[in-house]
Amino acid sequence: MRLFNHERPDGRVCLGAWRAGSMIDLGEGSLIDVIRNSGWERCRALAESARPLGEQVRMLPPIAHPPKILCVGLNYADHRAEARVRPAPAFPDFFVRFASTLVGHGGVLLKPRVSQEFDYEGELAVVIGKGGRAIRKEDALAHVAGYSIFNDASVRDYQFRASQWTWGKNFDATGAFGPELITPDELPRSVKEGLQIQTRINGQVVQSASTADLIFDLPQLIAMASEGMTLEPGDVIVTGTPSGVGMAREPQLFLQAGDMVEVRIEGIGVLRNFVEDEPSSGPVRR
Ligand code: ZN
Numbered sequence: 336m337r338l339f340n341h342e343r344p345d346g347r348v349c350l351g352a353w354r355a356g357s358m359i360d361l362g363e364g365s366l367i368d369v370i371r372n373s374g375w376e377r378c379r380a381l382a383e384s385a386r387p388l389g390e391q392v393r394m395l396p397p398i399a400h401p402p403k404i405l406c407v408g409l410n411y412a413d414h415r416a417e418a419r420v421r422p423a424p425a426f427p428d429f430f431v432r433f434a435s436t437l438v439g440h441g442g443v444l445l446k447p448r449v450s451q452e453f454d455y456e457g458e459l460a461v462v463i464g465k466g467g468r469a470i471r472k473e474d475a476l477a478h479v480a481g482y483s484i485f486n487d488a489s490v491r492d493y494q495f496r497a498s499q500w501t502w503g504k505n506f507d508a509t510g511a512f513g514p515e516l517i518t519p520d521e522l523p524r525s526v527k528e529g530l531q532i533q534t535r536i537n538g539q540v541v542q543s544a545s546t547a548d549l550i551f552d553l554p555q556l557i558a559m560a561s562e563g564m565t566l567e568p569g570d571v572i573v574t575g576t577p578s579g580v581g582m583a584r585e586p587q588l589f590l591q592a593g594d595m596v597e598v599r600i601e602g603i604g605v606l607r608n609f610v611e612d613e614p615s616s617g618p619v620r621r
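Just so you know, we're using the numbering used here here: the sequence shown kicks off at 336 and counts up by one.
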């Protein structure tokens, strides 16, 4: 199944799904409730009689407020090389993002007023279905509800101001997530076998790799994270970006207002966002 959250013109948050190439409305609710209540069969039943959505659908992140968003730094060998970090690590570089950074498919990525180094990172996102602690590698994929796409947009001039990356990874409206959640049975092949992942800026390919090249694969990430943390339904693991990020290019390529950023993962879809300058004052609207 392909499920998403969307907002109706009256502001109500609703569930949606794809049926035979068109988007349909499953009514009020959100994906995290489907995951928590194992409501997949009910969604399937609703989808049979649901009404199509119009052309203009305001997509929201598949999980609006994940209990945890765990990101993984430097998890592709070619990206480690371009970032000049070696050798291959013994443990993944987990870091965190907060839900306050999230924007959905079609939403605006805000280039911070204070930054001249706003960068993109196309990544595969994994959403946890069944929670657990000390999950064994062999059992890890049974804990996955589905997959989505993430743009872990990074404010480089803040990311490297301190030894922890939290600051530069948590500006408002910098974590694009979507467009939808797809269940594992929808993948053309496994993540381990390799899905092509590509990032494009205004149509130009800037990152291109295969998920087969992840240093720590999904079972390892789930097993290692859950050594200490209880993973909960709706937690998101953002698995890392391949080479080609803007700061490592020659010349460097940072995001500017007006840019269109697309992250495409084979079999999952395309996450598309537009960059705007952060308004000069006032609170940020998500
Ligand atoms: Zn990243």
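Using N, Cα and C, we set each Cβ at its ideal position, and we do this for glycine too.
Bear in mind the structure is a predicted one, so any value in this text is a computation, not a measurement.
The count of Cβ pairs closer than 8 Å, one atom from the region 524 to 535 and one from the region 595 to 602, reaches three, so the stretches are in contact. Under the three-pair Cβ rule at 8 Å, the region 404 to 414 counts as touching the region 422 to 433. Take the alpha-carbon of I572 and the one of V462: they are about 6 Å apart. In the displayed model, R584 falls within coil according to three-state DSSP, outside both helix and strand.
When secondary structure is reduced to three states using DSSP, R386 falls in the strand class. When distances are taken from the beta-carbon of G581 to the heavy atoms of ligand 1, even the shortest one reaches 7 Å or more. Listed in chain order, the beta strand (DSSP E) runs fully inside the region 500 to 535 are 510 to 517, counting runs of at least 3 residues.
In terms of CA proximity to W502, A488 leads the group A488, E515, P514, F512.
Bridge partners of I600 according to DSSP: I532, G604. Per DSSP, reduced to three states, the secondary structure at V369 is helical. A contact between stretches requires three or more CB pairs, one per stretch, nearer than 8 Å, and the region 572 to 585 meets this requirement with the region 453 to 472. Note on geometry: alpha-carbon atoms of K527 and V479 lie some 14 Å from one another. Taking 8 Å as the cut-off, the Cβ atoms of S483 and G442 do not count as close. In the structure shown, H341 falls within a strand segment according to DSSP collapsed to helix, strand and coil. Classified as exposed, R468 has fewer than 16 neighbouring CB atoms from the shown chains inside 10 Å of its CB.
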